[in-house]
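As structure tokens, the structure follows; a few thoughts come after it.
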Ligand code: SF4
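Residue numbers (our numbering): 239 to 701.
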């Protein structure tokens, strides 16, 4: 006899029908009756582990992660039409430098849309055309770009409502989704509870999770097999890290090197357990015990963190475990796999090169909640170069004004931010880059405004 799992509240970040995915068991089976094919869950002795549950869901006939051949070409055409830029193409073709009337623009050699984001948006476009007569939801912003998300809303894609509680935990309300609906999972992925719930509901799932994010989830599976706690370098309330943590049995999220040092110090010298639990109350698996769960660790990361910091955190834990257990025992207490995404790495490397170009200022274009974009801003800030982070061209002007997000996350306004001449008295040298969720067209819109401001400023000088 089959029945649905009993209900109890999941422990992290979900608020849909009080669904507890951990009750899903090995005894479930799939029926294949054409469109009505769905997973049926049964009460059984042996619960599925998280990897098995994910695999089962991904094998469902209603789970699509490759897109739709019949709408692919049309979606590609739309992407090019809406997001590409002739100006940036010209910049790339002229050694990433363009001079216009006393303003020299230097474009980072790697910038903008990464292939994971491009793929996710293309899949969403394909899904909209493939299921033209169906209601389509997305469980989160598809990517961290306000204009792209607005574009999806204009196409009739609904965003699952979410609220943030007083502890900063995010809760989604999936109750409005019907079995006949289509649900898109964004590039950052979705939690295992969400995936299980949607699979159980029987709706069509279009998974745009970036393969680099899935690679991190695979690393967590390896940690579990090695009986290690996953140390995740990331922000505990970032969508990707919430999803990633949901695939780990035992985990601790550290946001930076300073938090990693605190944990390593605890591993070596012990400390105030209550203070530890308080500090990481939102950033650890249920029932986490630092005395029991830090004997063996594996490193994973949110794909968009600073690569140098992730590497330093990995080294720190490795050294700590070596000190505690000795070099011959290290392999039993520490595992690491390289899970830093290439696109993040390339954009950070290109930014490090750009800041060496004797610049007067830097413009960074990208969503204000985009982690990879804010790390590009940090690199410029650390070099002492004035840096302006905008999410859309509308932040620039009218006149020589700008509204931007500073390195501390505060919205600032500046007048006369674009100088008339460079610091050496000649051309103004403006560095430009954009985050992995930013289409080229949006950077072009920003540059068009900047060229206009500069031309007006020059004409004032001339008068
Ligand atoms: S930044 Fe990396 S992990 Fe994130 S979507 Fe792009 S390719 Fe994927």
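C-beta atoms are modelled at their ideal positions from N, C-alpha and C, and glycine is treated no differently. The structure displayed is predicted, hence computed values, not measured ones.
Taking all protein chains shown into account, do 16 or more other C-beta atoms lie within 10 angstroms of the C-beta of residue i, making it buried, or fewer, making it exposed?
i, result
"residue 338", "exposed"
"residue 694", "exposed"
"residue 389", "buried"
"residue 484", "buried"
"residue 355", "buried"
"residue 474", "buried"
"residue 620", "exposed"
"residue 428", "buried"
"residue 682", "buried"
"residue 346", "buried"
"residue 690", "exposed"
"residue 386", "buried"
"residue 359", "buried"
"residue 335", "exposed"
"residue 318", "exposed"
"residue 403", "exposed"
"residue 424", "buried"
"residue 353", "exposed"
"residue 540", "buried"
"residue 311", "exposed"
"residue 638", "buried"
"residue 521", "buried"
"residue 506", "exposed"
Report whether the distance from the Cβ of residue i to the nearest heavy atom of the ligand SF4 is below 8 Å.
i, result
"residue 449", "yes"
"residue 355", "yes"
"residue 581", "yes"
"residue 541", "yes"
"residue 328", "no"
"residue 607", "no"
"residue 610", "yes"
"residue 425", "yes"
"residue 588", "no"
"residue 483", "no"
"residue 360", "no"
"residue 346", "no"
"residue 352", "yes"
"residue 674", "yes"
Give the C-beta separation of residue i and residue j to the nearest angstrom, bearing in mind that I take them to be a contact with Cβ-Cβ under 8 Å.
i, j, result
"residue 341", "residue 692", "5 Å"
"residue 396", "residue 374", "7 Å"
"residue 536", "residue 468", "5 Å"
"residue 702", "residue 538", "It is not possible to answer for residue 702, since the shown part of the chain is limited to 239 through 701."
"residue 666", "residue 659", "6 Å"
"residue 566", "residue 609", "38 Å between Cβ atoms; not a contact."
"residue 367", "residue 309", "4 Å"
"residue 332", "residue 437", "Actually they do not touch by this definition, with Cβ atoms about 50 Å apart."
"residue 688", "residue 649", "Contact flag wrong, Cβ pair sits at about 19 Å."
Measuring alpha carbon to alpha carbon, tell me which residue in the options is nearest residue i.
i, options, result
"residue 590", "323, 312, 349", "349"
"residue 382", "605, 687, 625, 689", "605"
"residue 452", "482, 433, 472, 465", "482"
"residue 369", "330, 612, 302", "302"
"residue 290", "668, 490, 689, 430", "430"
"residue 588", "344, 651, 623", "344"
"residue 476", "357, 407, 529", "407"
"residue 324", "457, 678, 696, 540", "678"
"residue 671", "625, 663, 439", "625"
"residue 420", "398, 405, 330, 403", "398"
"residue 685", "304, 601, 566", "601"
"residue 526", "357, 668, 487", "487"
"residue 549", "509, 584, 595, 494", "494"
"residue 413", "669, 622, 377", "377"
"residue 496", "394, 472, 328, 489", "472"
"residue 523", "489, 478, 547, 554", "489"
"residue 439", "417, 640, 641", "417"
Does the beta-carbon of residue i, which I'm using as the reference point, lie nearer than 8 Å to any heavy atom of the ligand GDP?
i, result
"residue 633", "This structure lacks the ligand GDP; its bound ligands are the ligand SF4."
Would the region 645 to 653 count as touching the region 610 to 626 if we require 3 or more Cβ pairs under 8 Å? Touching, yes, given that three or more Cβ pairs across the two stretches are closer than 8 Å.
Does the structure place the region 621 to 637 close enough to the region 548 to 564 that three or more beta carbon pairs sit under 8 Å? No, because fewer than three Cβ pairs between the region 548 to 564 and the region 621 to 637 fall closer than 8 Å, the two stretches do not touch.
Would you call the region 497 to 517 and the region 547 to 561 touching, i.e. three or more CB-CB distances under 8 Å? With a cut-off of 8 Å on Cβ pairs, the region 497 to 517 is in contact with the region 547 to 561, counting three or more such pairs.
Are the region 429 to 447 and the region 567 to 582 touching by the rule of at least three beta carbon pairs closer than 8 Å? The region 429 to 447 is not in contact with the region 567 to 582.
Do the region 513 to 529 and the region 459 to 466 touch if we need at least three Cβ pairs shorter than 8 Å? Touching, no.
Report yes or no: do three or more beta-carbon pairs, one from the region 523 to 542 and one from the region 565 to 572, lie closer than 8 Å? Cβ pair count under 8 Å is three or more, so yes.
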